[in-house]
Each structure stands twice: as C-alpha cells, then as structure tokens.
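Asks: Residue 137 in the working numbering sits at position 99 of the sequence shown, and the numbers go up by one each step.
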Amino acid sequence: MENLCTPKKRKKDFDNNLNTPSPKRSRKELTLKLKYDLITEYEKTPKPTQKDLAIQFGIGKTTVSDILKRSGEYKTIYEDNTTSARKRHDTGSKYGELNDLVFQWFKQARAKNIPLSDPIIQEKALETIFLDHEQRELIVILGLFDLNKLFL
C-alpha cells in the first residue's frame, strides 16, 4: 500500500536538480581594461552573443549586459589614458580637514596605548571644530595634540 503522506517524486524533480541549491558564484571584480576588452570583443564583426562573452570572461550575463550599456563611458575613460586599473570615486568630504586632524590625533593616541571610545573621539572632533584656521595649521605643522585633555 502506498503511503499517502509522502508526495510522489516526479521525473522533472530529478532532471532539474530542484532539491539541490545552485552553487554560489564568487564575486569577480573586473578592471577597466577587462571591461574595455569585453566591449571591443563585442564590437567585432561576427558579434558574439552576450552568453558567449559571459562564458569567455567568467562573469554573469547580466554583468555583460550592464557593461555593454555603459560601454561609451568605459571606452572614454580607458581611452583618456586613466592610469589606475580600478575606477575610484573621490567624493571628498565636507569636513576633510577636520577628519584629517582627528585621524592624526587618533593615530598618536593609539601609538601611546590610550584607550579610545566613540564619545572620546567625538569630543576631540568638537574641540577641533572650535579652533580657528591658524590654530589648525599650527597643530598640523607641529603635530601637537593635547592628549591630557582626554581624561578631564
């Protein structure tokens, strides 16, 4: 007699391996040169399919599609003789000078094995904000940070 609680296994369940998860694909970072090579490969006379390019470069079809959508941008950057292999965005910072000063102070404090916490670092940042520009320049030039004020 057949057990009614267990479902019958269908042929397609075994054929498609639905019960086993697909293997995780490792992330592959493409350099600008590889993206440029992919674009030039795509522009050759017998156009390869995006699937062929995905297999050739070891990436997903969606990644190939995304690269081809932005092909003009990648070609311009590459042809303008960008020296770095990776495109980096330097967004800058509204408080870049303050960040630099506090980071220098942080490195000095860590070198002296002074325990630091978020409130202590924030307090130092607030102290630094209220210095005028000349005082900040002097601190940078001389490398002076009053570590004694930490524990007041």
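For glycine and all other residues, C-beta sits at the position ideal for the given N, C-alpha and C. Nothing here was measured: the structure is a model prediction, and the numbers come from that model.
Less than 9 Å separating the beta-carbons of Glu79 and Leu70?
Replies: It is not a contact, given that the beta carbons lie outside the stated cut-off.
Asks: Using DSSP with H/G/I as helix, E/B as strand and the rest coil, what is Gly96?
Replies: Coil at Gly96, not helix or strand.
Asks: Determine the direct distance from the alpha carbon of Lys150 to that of Asp118, and round the result to whole angstroms.
Replies: Their Cα atoms are separated by approximately 46 Å.
Asks: Helix or strand or just coil, what does DSSP make of Thr83?
Replies: The answer is coil: DSSP assigns Thr83 none of H, G, I, E or B.
Asks: Starting from Asn137, follow the alpha helix (DSSP H) in both directions and report where the run begins and ends.
Replies: Here the alpha helix (DSSP H) through Asn137 covers Gly134 to Ala149.
Asks: State the CB to CB distance for the pair Leu136 and Ile167, rounded to an integer number of angstroms; the pair is presumed to be in contact (CB under 8 Å).
Replies: Their Cβ separation, rounded to whole angstroms, is 6 Å, which keeps Leu136 and Ile167 in contact under 8 Å.
Asks: Tell me whether Ser155 sits in a helix, a strand or coil according to DSSP, three-state version.
Replies: Correct three-state label for Ser155: coil.
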